[in-house]
Every structure is written in C-alpha cells, then in structure tokens.
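Be aware that the sequence shown starts at 839, since it is given in our numbering, and climbs by one per residue. Backbone N, C-alpha and C define an ideal beta-carbon position, used for all residues, glycine too. What follows is a set of notes on a single structure, which appears directly below.
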Amino acid sequence: MADIKTLSEFIVERQSDFPGSTGDLSALLTAIRLAGKIVSREANKAGLLADILGAAGSENVQGEAQQKLDVYANNLFIRMMRTQGTVCAVASEENDDIVHFDNGGKYVVAMDPLDGSSNIDVNVSIGTIFSIYRRISTGPKATMEDFMQPGSAQVAAGYIVYGSSTMLVYTTGHGVNGFTLDPSIGTFCLSHPNITTPQEGSIYSVNEGNYYEFSDGVRNYIDDCKRQKMSARYIGSLVADFHRNLLKGGIYFYPATAKAPKGKLRLLYEANTLALIVEQAGGMATDGTTRILDLKPTELHQRCPLFIGSKGMVQKAMRS
Ligand code: AHG
Ligand code: MN
Ligand code: MN
839 MADIKTLSEF
849 IVERQSDFPG
859 STGDLSALLT
869 AIRLAGKIVS
879 REANKAGLLA
889 DILGAAGSEN
899 VQGEAQQKLD
909 VYANNLFIRM
919 MRTQGTVCAV
929 ASEENDDIVH
939 FDNGGKYVVA
949 MDPLDGSSNI
959 DVNVSIGTIF
969 SIYRRISTGP
979 KATMEDFMQP
989 GSAQVAAGYI
999 VYGSSTMLVY
1009 TTGHGVNGFT
1019 LDPSIGTFCL
1029 SHPNITTPQE
1039 GSIYSVNEGN
1049 YYEFSDGVRN
1059 YIDDCKRQKM
1069 SARYIGSLVA
1079 DFHRNLLKGG
1089 IYFYPATAKA
1099 PKGKLRLLYE
1109 ANTLALIVEQ
1119 AGGMATDGTT
1129 RILDLKPTEL
1139 HQRCPLFIGS
1149 KGMVQKAMRS
C-alpha cells in the first residue's frame, strides 16, 4: 500500500499549483468524482438490470433502461454540483437550457453526463465528460456569456471512462493525470501520472459507415490510413475511443458529413474538453482547419467537426 496515492491526496497536493487557491476547485472535483463513483456502480448494474427487464420481454424496455441511465447520471451530477456550492450554473447535453443554481458560485460547468449511451445495454464502455470555466458575468445569475468562452479558458477538463475499470482523467492545465477506481476501497488511485500521448500512432478511429458522406480530403486520409496498414478501432463512445488513442497513439475523427455539415460532436462538452486534455498530453485537436480551443462558441449545443489525437496524425489529416 505504501506507494498508493489517492485522488484526494493528489488534489490537495496540487492545490499549490494555484497560489491563493481557496480550495473551491478541489471541492468541485470531489463532487464530480463522487458522482462518477455512483454512476460507475449503476453502470455495472446495467447488465443485471437489462437481464431482469429482458425477462419481461421487449427491446423497448432495454431502450428505456438505457435512457434512464442518461437521465440518472445527469440528475446525479447536477445534484452533486448544486449541493457542493461553487458551481452557479451547468450546461448539459441533457438540458436544452442552462441550469441555474442561484448560489453565487464562481464556476460554471459544461458536461456530457453519459457519453456513448447507445453502448450501455450492450456492455460496452461509456463515459462522462466535464469542462469547468470561471464565471465571467457579474449579474445575479450566470449568463450565456459564461458558457461562450473559448475552450482555451477552461480551468479544468476531465472525463470518466466506465470500462473494464473505471478511470478518471483530468487536467487543470498542468499536465494530465489518470486515476483508476479501486472498487475494493471505493477510491480513485493515481495509476497514470503525467500522461503524454505519442506524437505518432497506428490507430485511426472514425465511423467509416459515413465514408461516402465525407469530403474528398477526409476520404483520401482514410485511404492513406489503410495503405499504411493502420488499425481501425471504433467503439462509438467518444470517451473510450479517445482514451485508448491517448494512451496508445492514434487519431479520432468525426468530420462534417453531407447530412451534418458541422459534424455530430458538441463543442462545449465533447470537443473542447478533450482538446484541452490532448494538448496537455502533447497531442492536437482541430476542426479540420482551426484549433478547437480557439473556436468561439455561439450556442450551448453547438456542433463541430473534430480531429483529435497524436500530433503527426492530426497534422497529416489536416493536409489531406
Ligand atoms: P452521446 O451518447 O453523448 O450522445 O455521444 C455519442 C457520440 C460519441 O460518443 C460517439 O463517438 C459518437 O456519438 C458516435 O456516433 P456515430 O454512431 O455516428 O458513429
Ligand atoms: Mn457524447
Ligand atoms: Mn451523452
């Protein structure tokens, strides 16, 4: 046990990265990790639940169960952050509008409470994605202005992947660290200190079912990946695809398609979050032409194309 460092110990230790820190961010991370542990527990039960419901019959019931976990995770993260008190408002994939807490908290959070939700009922990895910003408006309530900050203004960004183990990976702009949940003690322990992503990789992750919907440039890049005999890996949970590529080296891309000219993924709680993490790990994230973290959001649920991962691969995709 001697060398184990828990997430709470790590957070306290790193508070000195922020001179004058009040501990509010640390407290917020504590709320997020607690919610993550509870979602992890529920996700682990999902298979069991689906079996029970499955005995009653239809696929619809499982579809409902899956939706329930989306809503459950959303409500849980919102409740934990509301109680914690340093967040004054949340933008979530699951809520059309900003959720206000009216508590004068100094942070706002953008989140995807359950990413890859179509994978829940088939026992495939899912995740949670969160971005923390300092509130910049001064009125009684947070405003859109607080959420329209570029990704480069994030105070912290992280994700939790509920996979073969549950991991929390986050950055406060001082490198990236990963913590694995030890279920026997219910604690996240530092397992991946100072994560750096390889500059080149041999994995490409894209939904190739959309191949004929992509631009010529994107198709050329995919063709080139095949010529190079790269490995195609696509889970369909952004968090899980990203996490694998971060550790092993690779590129994930969800480009614009003929039907969806802005792609599918959301800027505030998918692209920006992972862009900060990948950059902090030495990788790169663009929308094909512009650095993701430089984009100026105009809408809460704005979509953007995303090319993210090992620097050499992202640069090559941009040239294609
Ligand atoms: P969510 O479950 O939060 O709606 O996100 C799903 C996203 C992302 O996780 C994944 O990479 C992508 O959708 C998969 O989309 P396709 O099925 O179109 O490939
Ligand atoms: Mn998502
Ligand atoms: Mn989601």
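The C-beta separation of Leu845 from Val877 comes to about 16 Å, leaving the pair out of contact by the 8 Å criterion. Annotation: Leu952 is outside any alpha helix (DSSP H); the continuous beta strand (DSSP E) that includes it extends over Tyr945 to Asp953. Annotated three-state conformation of Ala881 is helix, per DSSP. In this structure, Leu1006 lies away from Ile958, with their beta-carbon atoms at least 7 Å apart. Proximity to Ser1040 across Tyr1050, Tyr1059 and Lys1067 peaks at Lys1067, based on C-alpha coordinates.
Per DSSP, reduced to three states, the secondary structure at Tyr1059 is helical. Ranking Gln1118, Thr1095, His1139 and Ala1119 by CA distance to the CA of Gly1126 puts Thr1095 first. Distance from the CA of Leu1019 to the CA of Arg852, rounded to the nearest whole angstrom, comes to 19 Å. The continuous stretches of alpha helix (DSSP H) do not include Met1005, which lies in the beta strand (DSSP E) extending over residues Thr1004 to Thr1009. The three-state reading of DSSP puts Ala865 in helix, counting H, G and I together.
Arg1129 has Thr1124 as its beta-bridge partners, per DSSP. Between Asn961 and Ala927, the alpha-carbon positions lie close to 32 Å from each other. A straight-line Cα-Cα distance of about 19 Å links Leu1084 and Phe1026.
Note: Cys1142 is not bridge-paired with any residue in the DSSP secondary-structure output.
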